[in-house]
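Trainee: As they're listed, the protein sequences go chains X and V. Each residue of the first sequence is one higher than the last, beginning at 29 in my numbering. Each residue of the second sequence is one higher than the last, beginning at 29 in my numbering. Note that the Cβ used here is the ideal one computed from N, Cα and C, for glycine as well.
Protein chains: 2
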Amino acid sequence: MTMTSDGSGTNLLKSWVVGANEADASFPLNNLPCGVFSPGAAGPKSDERGRRCGVAIGEQVLDIAAVERDGLLEGLPSPLFDQPAWNRLMSLEPSVWASFRERLMALLAEGSTECERVEPHLHALSDVRLHLPFVICEFTDFYAGRHHATNVGTMFRGAENALPPNWLHIPIGYNGRASSVVVSGTDVRRPWGQLKSPDHELPAFMPSRRFDLELEMGAVVGTASDGPVSVDAAEAMIFGYILLNDWSARDIQAWEYQPLGPFQAKASATTIGPWIVTALALEPFRVRLPPREVPLLAYLQGDRHGPYDIELEVSLAPEGVAATTIARTNHRELYYSAAQQLAHHASSGCPMRTGDLLGSGTISGPRKSERGSLLELSWGGKEPLTLDGGESRTFLEDGDTLTLHARARGNGYTIGFGECRGTLLPALDMPYDTLEN
Amino acid sequence: MTMTSDGSGTNLLKSWVVGANEADASFPLNNLPCGVFSPGAAGPKSDERGRRCGVAIGEQVLDIAAVERDGLLEGLPSPLFDQPAWNRLMSLEPSVWASFRERLMALLAEGSTECERVEPHLHALSDVRLHLPFVICEFTDFYAGRHHATNVGTMFRGAENALPPNWLHIPIGYNGRASSVVVSGTDVRRPWGQLKSPDHELPAFMPSRRFDLELEMGAVVGTASDGPVSVDAAEAMIFGYILLNDWSARDIQAWEYQPLGPFQAKASATTIGPWIVTALALEPFRVRLPPREVPLLAYLQGDRHGPYDIELEVSLAPEGVAATTIARTNHRELYYSAAQQLAHHASSGCPMRTGDLLGSGTISGPRKSERGSLLELSWGGKEPLTLDGGESRTFLEDGDTLTLHARARGNGYTIGFGECRGTLLPALDMPYDTLEN
Chain X
29 MTMTSDGSGT NLLKSWVVGA NEADASFPLN NLPCGVFSPG AAGPKSDERG
79 RRCGVAIGEQ VLDIAAVERD GLLEGLPSPL FDQPAWNRLM SLEPSVWASF
129 RERLMALLAE GSTECERVEP HLHALSDVRL HLPFVICEFT DFYAGRHHAT
179 NVGTMFRGAE NALPPNWLHI PIGYNGRASS VVVSGTDVRR PWGQLKSPDH
229 ELPAFMPSRR FDLELEMGAV VGTASDGPVS VDAAEAMIFG YILLNDWSAR
279 DIQAWEYQPL GPFQAKASAT TIGPWIVTAL ALEPFRVRLP PREVPLLAYL
329 QGDRHGPYDI ELEVSLAPEG VAATTIARTN HRELYYSAAQ QLAHHASSGC
379 PMRTGDLLGS GTISGPRKSE RGSLLELSWG GKEPLTLDGG ESRTFLEDGD
429 TLTLHARARG NGYTIGFGEC RGTLLPALDM PYDTLEN
Chain V
29 MTMTSDGSGT NLLKSWVVGA NEADASFPLN NLPCGVFSPG AAGPKSDERG
79 RRCGVAIGEQ VLDIAAVERD GLLEGLPSPL FDQPAWNRLM SLEPSVWASF
129 RERLMALLAE GSTECERVEP HLHALSDVRL HLPFVICEFT DFYAGRHHAT
179 NVGTMFRGAE NALPPNWLHI PIGYNGRASS VVVSGTDVRR PWGQLKSPDH
229 ELPAFMPSRR FDLELEMGAV VGTASDGPVS VDAAEAMIFG YILLNDWSAR
279 DIQAWEYQPL GPFQAKASAT TIGPWIVTAL ALEPFRVRLP PREVPLLAYL
329 QGDRHGPYDI ELEVSLAPEG VAATTIARTN HRELYYSAAQ QLAHHASSGC
379 PMRTGDLLGS GTISGPRKSE RGSLLELSWG GKEPLTLDGG ESRTFLEDGD
429 TLTLHARARG NGYTIGFGEC RGTLLPALDM PYDTLEN
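This is the structure:
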């Protein structure tokens with residue numbers, strides 16, 4: 029396994045597509061992230077008909093469904109792309125993922141003999157609409173950021189008991205709600221929920237007042253499994269990674285989460301980015317996990333896994349105001365890799381399926397400016413954050429737009445993830461047409 | 029709404045199908061539960077080809093796919109049954125469910141003029157294999173049995189703090205794992221997991237030693253929703269009910285569940301019965317919820333919901349030994365109805381989808397013989413249960429077969445749910461082919 033932290037050993041792979049060879053382009057030939065698009069940026073969101081799989085290159089997206097129909101993917105099983113989702117390719121063996129990537133590289137590399145056949149299938153990214161890139165089977169959210177867990181634990185239980193006793197032994201996670209996963213650009217509605225203030229005796233049903241973001245990275249399960257898998261086997265099952273914002277209602281969670289965990293606090297929406305960056309594209313950026321404080325049990329050990337050196341940032345823009353970057357952190361801060369999370373997930377015999385989405389947990393760094401949630405940035409609301417325009421925030425306000433970005437920096441090239449954006453709409457006046465009682 | 033507790037007001041509806049009119053038959057014309065079958069009881073489980081939707085009547089199952097192809101379902105949208113799952117019908121409006129039921133009743137009622145066209149589509153239940161009756165979208169498990177929550181809370185936190193502070197206000201639930209849901213008759217493997225005994229400093233990875241059942245009823249969501257729904261609207265979304273055994277590893281749960289809830293403890297398997305009994309068939313058995321100790325918030329109130337008078341029982345048979353009924357209880361013990369659970373589930377805006385499965389939570393009655401889990405029956409393992417054959421149990425032993433049954437008793441007829449059965453296989457010697465470390 030390549031253990032480099034700066035993409036060294038891999039240089040920019042040049043493409044004939046205009047704009048793909050710039051050092052700061054998000055989508056060079058090295059990247060080839062997987063999305064779903066429909067031509068016409070202003071098209072209706074609900075129009076399924078025009079959707080098809082695409083791969084971003086330069087400032088364009090290559091219509092992979094058309095490329096397949098045109099016979100340009102010879103040597104691969106077919107059809108893989110007659111549906112607007114990457115699940116069919118994802119469900120196959122990693123060797124097929126590699127063949128697909130090699131084939132695309134051959135088509136798009138500088139000097140390719142197929143330029144003339146490929147070029148008609150390129151669309152300008154500015155002219156398309158992006159959709160959920162895969163059918164999300166089930167969604168699991170983990171809690172693998174040590175600084176995040178420590179910060180939250182300190183606020184709620186004090187510094188001595190910050191990390192739960194199991195945290196250094198188990199990649200703690202809970203099952204989330206796949207139906208609530210939306211793609212970047214989808215507005216999110218402030219939820220109503222059952223809340224209880226410490227100074228009230230009884231709970232009330234009202235709009236959340238402590239609505240927050242969680243800066244995460246999602247791992248996308250490709251190959252399925254039917255029983256326990258080792259960490260190395262789990263690593264091979266992961267098709268790629270995607271930006272993820274797990275919107276969280278802290279006040280709903282505080283009242284509901286004992287004894288069975290977060291439920292409606294996390295069910296309004298989880299926004300993911302439009303592009304799955306494949307594990308193959310990220311391999312040069314693999315780094316070692318932070319040192320273990322206690323030895324891990326054998327079922328959580330492996331040889332070929334770990335997080336990546338991916339810079340992450342999140343910005344907040346109040347309505348009509350320029351965005352302020354509120355946190356910068358790095359994927360390498362994770363204490364558990366996605367492969368460890370997946371191996372733990374399957375350890376009871378739980379079948380894992382193509383399209384399962386595993387949230388990393390909030391990724392915070394050791395410094396205050398590296399905290400991936402407003403809960404941490406405002407220290408539970410006690411230390412309001414001042415934005416560039418002068419406004420301050422403890423939790424999100426209506427109209428706020430959050431945008432997550434990620435990039436891995438190689439030798440003369442960048443691997444981008446696109447953007448993961450969502451605007452918070454005000455709560456409904458009353459969420460029910462009629463309440464009979 | 030009919031508020032009867034004994035099915036009065038509805039009498040046996042007579043059918044021309046042999047065996048359907050006996051007072052203790054599980055599948056009279058009043059019932060018409062929905063399943064999926066394949067002809068040939070010994071057929072391979074993985075053979076998808078022969079599967080088709082069926083409705084149980086007497087000791088037979090009516091091939092609904094064939095009935096539809098034969099043009100006997102005129103007036104209904106079509107095709108509804110070209111796939112081996114009930115999801116398409118379930119996704120439609122309740123008025124279509126009612127039309128479908130009326131049409132089947134007309135075909136199967138004594139005096140029907142269609143006997144000769146229908147009869148060729150009947151198969152003996154003893155000659156078919158039963159499969160999962162619907163595609164499970166997502167699975168949520170609730171905690172709505174007050175006696176169960178009190179028992180468990182007393183064991184873990186003492187009698188004074190038995191019920192968590194939120195329990196009387198919120199239908200507490202957590203997201204489970206749909207991929208682990210299996211149909212009655214599927215063997216279940218004792219899981220490995222990360223455990224920590226109170227007398228050990230460090231956890232170990234080993235087979236669960238406190239593996240248990242949970243006697244539950246599942247509610248099957250039919251019509252989908254995209255935002256909050258009132259309790260009455262939620263009630264209308266529920267297509268039917270099914271037996272459910274939520275296998276639970278108590279020792280895995282004890283170590284993992286703080287702070288984010290049960291995860292691998294509940295992920296090995298959840299067994300459901302083969303028959304969805306429709307809400308329409310159960311309507312005569314509706315009962316009122318137990319009295320509220322504290323008033324519920326308006327979003328959890330409704331006019332047309334509540335549990336049913338359904339007798340439940342579970343038996344345990346050690347390998348090669350006759351079964352002992354270990355608990356008898358009733359669906360009416362639930363403190364929250366499925367409609368309240370569904371309304372709470374959607375309250376944050378969480379989209380609910382056709383095929384979502386909502387486990388009720390373990391249903392225990394007030395008496396010791398009415399406890400729906402071994403955790404409660406053996407009081408945490410301290411009071412072993414003696415079986416009829418002389419063996420004793422605290423938790424499950426390898427080779428044990430658990431069978432759940434349910435029935436609602438009307439005037440001269442019974443609504444049965446079939447059986448929900450699973451045999452516990454021993455843990456694998458080592459769940460991994462190779463562990464590199």
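Which runs of the beta strand (DSSP E) spanning at least 3 residues fall entirely within the segment 197-232 of chain V, listed in chain order?
Mentor: Those beta strand (DSSP E) runs which fall completely within the segment 197-232 of chain V and span 3+ residues are 201-203, 209-211 and 220-223.
Trainee: At least one CB of chain X closer than 7 Å to the CB of residue 74 (chain V): is that the case?
Mentor: With a pLDDT of only 48 at residue 74 (chain V), under the threshold of 50, the placement of this residue in the model should not be trusted; the figure read from the coordinates follows. Chain X, which has no Cβ nearer than 7 Å to the Cβ of residue 74 (chain V), makes this no.
Trainee: Any idea what DSSP makes of residue 327 (chain X), helix, strand or coil?
Mentor: Residue state, collapsed to three classes: helix.
Trainee: Are there 16 or more other CB atoms within 10 angstroms of the CB of residue 141 (chain X), so buried, or fewer, so exposed?
Mentor: When all chains shown are included, residue 141 (chain X) counts as exposed.
Trainee: Per DSSP, residue 352 (chain X) is paired with what?
Mentor: For residue 352 (chain X), which the question treats as bridged, DSSP gives the partners X:344.
Trainee: Between which two residues does the alpha helix (DSSP H) holding residue 17 (chain V) run?
Mentor: The displayed coordinates of chain V run from 29 to 465. Any statement about residue 17 (chain V) would go beyond what the structure contains.
Trainee: Hey, is residue 325 (chain X)'s beta-carbon within less than 7 Å of any beta-carbon in chain V?
Mentor: For residue 325 (chain X), the answer is yes, since a Cβ of chain V falls inside 7 Å of its Cβ.
Trainee: Where does the unbroken beta strand (DSSP E) through residue 244 (chain X) begin, and where does it stop?
Mentor: Taken as a continuous stretch (DSSP letters only), the beta strand (DSSP E) holding residue 244 (chain X) covers 243-249.
Trainee: Please go through the same chain and pick out, in chain order, the residues whose beta-carbon is closer than 6 Å to the beta-carbon of residue 66 (chain X), but skip the five residues on each side of it.
Mentor: If we look at residue 66 (chain X) and ignore the five residues flanking it on each side, its Cβ neighbours are 78, 79 and 157.
Trainee: What's the call for residue 410 (chain V), buried or exposed, on a 16-neighbour Cβ count within 10 Å?
Mentor: Counting Cβ neighbours within 10 Å, residue 410 (chain V) comes out exposed, since fewer than 16 surround it.
Trainee: Three-state secondary structure (DSSP) at residue 281 (chain V)?
Mentor: Here residue 281 (chain V) sits in helix by DSSP.
Trainee: Would residue 446 (chain V) and residue 303 (chain V) be called neighbours here (beta carbons separated by less than 7 Å)?
Mentor: It is a contact, given that the beta carbons lie within the stated cut-off.
Trainee: So, are the CB atoms of residue 387 (chain X) and residue 115 (chain X) less than 7 Å apart?
Mentor: It is not a contact, given that the beta carbons lie outside the stated cut-off.
Trainee: Within the same chain, show all residues whose beta-carbon is closer than 7 Å to that of residue 152 (chain V), passing over the 5 residues directly before and after it, in chain order.
Mentor: Cβ within range, chain order: 87 and 88.
Trainee: Between residue 194 (chain X) and chain V, is the shortest Cβ-Cβ distance under 7 Å, so that the two count as touching?
Mentor: Chain V contact via Cβ: present.
Trainee: Any Cβ of chain X within less than 7 Å of the Cβ of residue 233 (chain V)?
Mentor: It does; some Cβ of chain X falls within 7 Å.
Trainee: Can you give me the Cβ contacts of residue 164 (chain X) inside the same chain, cut-off strictly under 7 Å, excluding the 5 residues immediately before and after it?
Mentor: Result list for residue 164 (chain X): 206, 209, 383 and 385, in chain order.
Trainee: Note down the Cα distance separating residue 460 (chain V) from residue 64 (chain X), rounded to an integer number of angstroms.
Mentor: Their Cα atoms are separated by approximately 36 Å.
Trainee: Please tell me whether residue 364 (chain X) has its Cβ less than 7 Å away from any Cβ of chain V.
Mentor: By this cut-off, residue 364 (chain X) is not an interface position.
Trainee: Assuming residue 257 (chain V) and residue 371 (chain V) form a contact by the criterion Cβ under 8 Å, report the distance between their Cβ atoms to the nearest whole angstrom.
Mentor: Confirmed, Cβ separation roughly 6 Å.
Trainee: Could you pull out every residue in the same chain whose Cβ sits closer than 6 Å to the Cβ of residue 448 (chain X), ignoring the five residues on either side in sequence?
Mentor: Closer than 6 Å at the Cβ level, and outside the excluded window around residue 448 (chain X), lie 212, 271, 273, 299, 301 and 432.
Trainee: For chain X, check one thing: does any of its Cβ atoms lie closer than 7 Å to the Cβ of residue 164 (chain V)?
Mentor: No, because no Cβ of chain X sits closer than 7 Å to the Cβ of residue 164 (chain V).
Trainee: Buried or exposed for residue 52 (chain X), going by 16 or more other Cβ atoms inside 10 Å?
Mentor: Classification of residue 52 (chain X): exposed, given that the 10 Å Cβ count is below 16.
Trainee: Excluding the five sequence neighbours on either side, which residues of its own chain have a C-beta within less than 6 Å of the C-beta of residue 219 (chain X), listed in chain order?
Mentor: Here the set comprises 236, 277 and 296.
Trainee: I'd like to know whether the C-beta atoms of residue 191 (chain X) and residue 400 (chain X) end up nearer to each other than 7 Å.
Mentor: Contact flag unset, no.
Trainee: Say whether chain X places a C-beta atom closer than 7 Å to the C-beta of residue 263 (chain V).
Mentor: So, not an interface residue.
Trainee: So residue 85 (chain V) and residue 55 (chain V) are in contact, right, with Cβ under 8 Å, and what is the actual spacing, rounded?
Mentor: With 8 Å as the limit, residue 85 (chain V) and residue 55 (chain V) qualify as a contact, their Cβ atoms being about 6 Å apart.
Trainee: Using beta carbons (cut-off 7 Å, strictly below), is residue 23 (chain X) in contact with chain V?
Mentor: Outside the shown range of chain X, which is 29 to 465, sits residue 23 (chain X), and nothing can be said about it.
Trainee: Where does the unbroken beta strand (DSSP E) through residue 159 (chain X) begin, and where does it stop?
Mentor: Taken as a continuous stretch (DSSP letters only), the beta strand (DSSP E) holding residue 159 (chain X) covers 156-159.
Trainee: Is it the case that the Cβ atoms of residue 90 (chain V) and residue 149 (chain V) are separated by a distance below 7 Å?
Mentor: Closer than 7 Å, so yes.
Trainee: Look up residue 305 (chain V) in the DSSP assignment and say whether it is helix, strand or coil.
Mentor: The answer is strand: DSSP assigns residue 305 (chain V) an E or B state.
Trainee: State yes or no: is the beta carbon of residue 200 (chain V) nearer than 7 Å to at least one beta carbon in chain X?
Mentor: Judged by the 7 Å Cβ criterion, residue 200 (chain V) is in contact with chain X.
Trainee: Quick one: residues in its chain with C-beta nearer than 6 Å to the C-beta of residue 419 (chain X), no 5 flanking neighbours on either side, listed in chain order?
Mentor: The answer, listed in chain order, is 346.
Trainee: So is residue 197 (chain V) in contact with chain X if we call contact Cβ pairs under 7 Å?
Mentor: So yes, residue 197 (chain V) belongs to the interface.
Trainee: Which residues in chain V sit within 7 Å of residue 283 (chain X), going by Cβ to Cβ distance?
Mentor: Near residue 283 (chain X) (Cβ distances below 7 Å), the residues of chain V are 194.
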